[in-house]
Amino acid sequence: DTAVSQTPKYLVTQMGNDKSIKCEQNLGHDTMYWYKQDSKKFLKIMFSYNNKELIINETVPNRFSPKSPDKAHLNLHINSLELGDSAVYFCASSPRPEFTDTQYFGPGTRLTVL
Amino acid sequence: KQEVTQIPAALSVPEGENLVLNCSFTDSAIYNLQWFRQDPGKGLTSLLLIQSSQREQTSGRLNASLDKSSGRSTLYIAASQPGDSATYLCAVFSGNTPLVFGKGTRLSVIA
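So the sequences go chain by chain: A and B.
With positions in the first sequence counted from 1, the corresponding number in our numbering is that position plus 87.
For the second sequence, position 16 (counting from the first letter as 1) is numbered 15 according to our numbering, and the numbering increases by one without interruption.
Below you can see the structure in the form of structure tokens.
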């Protein structure tokens, strides 16, 4: 019954590696998001996809590449991981892209880069 | 540039108390404001969404108010319970930018 799910929940890796985080929502929403919550607890949007198309890219380094195979999935691939990438990454979804609707968040993926 | 501030950063209260969490934002031209709850190891749960035309929203023991002109919102929790312990975040949508979040207030309700 999980509405927005993410895998893995924890990810520990070495600098320079490439890793992916997967997100799936079963709410039938058109829009999905990736957020990053850093060590200071600031939560900031990274990307937003609407019906598999990128609509928001908040000046995220191009080492981060989101991919949406269908509107229920939004995966995040990170190349050449750096120490500063350590954070909790949250996926979210909403019915529409205008931020006028409630957003539903996944449980988060805690990424630690050593 | 919209900035969201939440005070206090942490709050500890005995069970049963009523309490108020504060959120302020610098640009009053907002479309809506949301209050979220974040539990450790879990995602954010949306509690209340207030549109710019509304002054308050209620859900159970929670009441959120919005004063756009002064750039403030409050989340009132009545008869607090230990299960209310969590971090509470507010986020605003201003139209030009995606949701901007505050850093949250960490609430501990002591039994």
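Even glycine gets a Cβ: it sits at the ideal position worked out from N, Cα and C.
Just so we're clear, the structure is a prediction, and the values are computed from it rather than from any experiment.
Simplified DSSP assignment, three categories, for aspartate 119 of chain B: Summary: the structure shown does not reach residue 119 of chain B, with chain B confined to residues 0 through 110, and so no result is reported for it.
Beta-carbon contacts of aspartate 157 of chain A that lie in its chain and below 8 angstroms, excluding the five residues immediately before and after: In the same chain as aspartate 157 of chain A, and ignoring 5 residues on each side of it, the C-beta atoms closer than 8 angstroms to its own belong to Lys139, in chain order.
Exposed unless 16 or more other CB atoms sit within 10 angstroms - verdict on glycine 42 of chain B: Buried, because 16 or more other Cβ atoms sit within 10 Å of the Cβ of glycine 42 of chain B.
Limits of the unbroken beta strand (DSSP E) element including serine 180 of chain A: Judged by DSSP secondary structure, serine 180 of chain A falls within the beta strand (DSSP E) whose first and last residues are 174-181.
Chain-order list of residues whose beta-carbon lies under 8 angstroms from that of glycine 101 of chain B (same chain, five-residue window excluded): Excluding sequence positions up to five before and after glycine 101 of chain B, its CB lies within less than 8 angstroms of the CB of Val3, Thr4, Gln5, Cys22, Leu88, Cys89 and Ala90, all in the same chain and listed in chain order.
Residues near arginine 150 of chain A in its chain [Cβ-Cβ closer than 7 angstroms; skip 5 each side]: Counting only Cβ-Cβ distances below 7 angstroms, and skipping sequence neighbours, we find Ile165, Asn166 and Ser167.
8 angstroms contact criterion, which serine 64 of chain B and arginine 54 of chain B should meet: CB distance rounded: Between serine 64 of chain B and arginine 54 of chain B the beta-carbon gap is near 6 angstroms, inside 8 angstroms, which marks them as a contact.
Which residues DSSP lists as bridging isoleucine 109 of chain B, in chain order: Answer is B:Pro13.
Chain-ordered residues of the stretch 26-57 of chain B with a beta carbon less than 8 angstroms from chain A: Answer set for the stretch 26-57 of chain B: Tyr30, Asn31, Gln33, Phe35, Gly40, Lys41, Gly42, Leu43, Thr44, Ser45, Leu48 and Gln50.
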